[in-house]
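See below for the structure under consideration.
Residue numbers (the working numbering): 821 to 1095.
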């Protein structure tokens, strides 16, 4: 059996399992009669998910009704195709997810995102694992802003770009809990914006948006769980981070040269007044 670490949070209608993946946490939402994988993790994480559901949760794989990718990066969408092959479950992802890796520049973006994920694993002292996954994500459902998640209608989808053009977060009003995915991360007890932030002006708007939701609990792919009050205290600092990135400091511009291949970059930078 794989040694799998996790945190479990109990709510009235479900349990939230934050399972330790390769370089991120994998949220699994467990209801009495169904299960949702809320972000599929990296390619090798699909085995972790299957093992965890069977051996730790003591549930049948057929209970998994839906697997989601919040955005197309390797640590969020890398496992969805492989989970789909091993499960009789539906899949979902944001509308427009396949534009990020479209065309020649998208091909280069895909390679660079894989390299960045390998670097994160190396910096975290993780063993080398194969991360390659298909550029195009085939899903049963495309998720749009203010839409209910199929089969889990107590969860609402919100469109919050900034890290990519198509990031989505998920909110449950009954339990007042929000999954922020890669919108923010926690490191050494402080909240930060992710790397890279390709669209700082959109990221700033997204941070303000999730703060106005006033969720009691916010869980993330990198950093686990924080309170809504902790986010509120950190919003001014996060906005300053976005402003710093928008100003285009030299080291930020250098990073963008290595992370901004996608054709979506040019289109969405026009929204921020960037050429």
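C-beta atoms are modelled at their ideal positions from N, C-alpha and C, and glycine is treated no differently.
Per DSSP, reduced to three states, the secondary structure at residue 842 is coil, with no helix or strand assignment. Taking the C-beta atoms as reference points, residue 929 is found no nearer than 7 Å to residue 834.
Taken through DSSP and simplified to helix, strand or coil, residue 869 comes out as helix. Nearest to residue 886 by alpha-carbon distance, out of 875, 1003 and 869, is 869. Taking a contact to require three or more Cβ pairs closer than 8 Å, the region 988-999 and the region 930-946 do not qualify as touching.
Straight-line spacing of the CA atoms in residue 976 and residue 1064 works out to 31 Å. The continuous stretches of beta strand (DSSP E) do not include residue 931, which lies in the alpha helix (DSSP H) extending over residues 923-943. Residue 858 is bridged by DSSP to 888. Along the length of the region 987-1034, whole alpha helix (DSSP H) runs at least 4 residues long occupy 1020-1033, reported in chain order.
Bounds of the beta strand (DSSP E) holding residue 914 are 910-914. Excluding the 5 residues flanking it on each side, residue 854 has same chain C-beta neighbours closer than 7 Å at 883, 885 and 971, in chain order. Residue 948 carries a coil assignment under DSSP once its states are collapsed to helix, strand and coil. Annotated three-state conformation of residue 878 is coil, per DSSP. Taking the Cα of residue 830 as reference, the smallest distance to any Cα among 923, 844, 852 and 840 is reached at 852. For the 7 Å CB-CB criterion, residue 843 and residue 895 form a contact. For residue 901, the uninterrupted alpha helix (DSSP H) segment begins and ends at 900-906.
Residue state for residue 960 is assigned as coil, using DSSP reduced to three classes. Residue 893 holds the alpha-carbon nearest to the alpha-carbon of residue 988 among 893, 1011 and 1009.
For residue 974, the uninterrupted beta strand (DSSP E) segment begins and ends at 972-979. Taking a cut-off of 8 Å for Cβ pairs, the region 959-967 and the region 1002-1020 do not touch, as fewer than three such pairs fall below it.
Membership of residue 896 in the alpha helix (DSSP H) is indicated by the continuous run 894-897. Under the three-state reduction of DSSP, residue 847 is assigned to strand. Note that the C-beta distance between residue 860 and residue 899 is below 7 Å.
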